[in-house]
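Written below as structure tokens is the structure these notes are about.
In UniProt numbering, the protein residues as written are 1 to 78.
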């Protein structure tokens, strides 16, 4: 079940790769774990499963894994 209020994760640029975001948000311990989560379809972006670790997520996107959701907040968009 998804979190009703995702935590905001601030990034400096307009986008960040999905695998990097998982590490930044402490949803994955390292790059290998992030890769495994994504490749096994355990991660959703805006409610849809995405298996592309290199996918660019942007301001406003919501990423969820195992009931933990985070929303990307780009400092460049503020």
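Even glycine gets a Cβ: it sits at the ideal position worked out from N, Cα and C.
For clarity, every value in this text was computed on a predicted model and none was experimentally measured.
Query                                                                                                                                                       : Result
If you check the beta carbons only, do residue 10 and residue 63 fall under 8 Å apart?                                                                      : no
In the structure shown, what three-state DSSP assignment does residue 40 receive?                                                                           : coil
With distance defined between alpha-carbon atoms, name the residue in 71, 13, 8, 19 nearest to residue 52.                                                  : 19
Could you have a look at residue 59 and say whether DSSP puts it in helix, strand or coil?                                                                  : coil
Cβ atoms of residue 15 and residue 71: under 8 Å apart, would you say?                                                                                      : no
Residues in the same chain with beta-carbon distance under 8 Å from residue 54, minus the five sequence neighbours each way, listed in chain order, please. : 17, 18, 19
So the candidates are 39, 13, 8, 50; which of them puts its Cα closest to the Cα of residue 26?                                                             : 8
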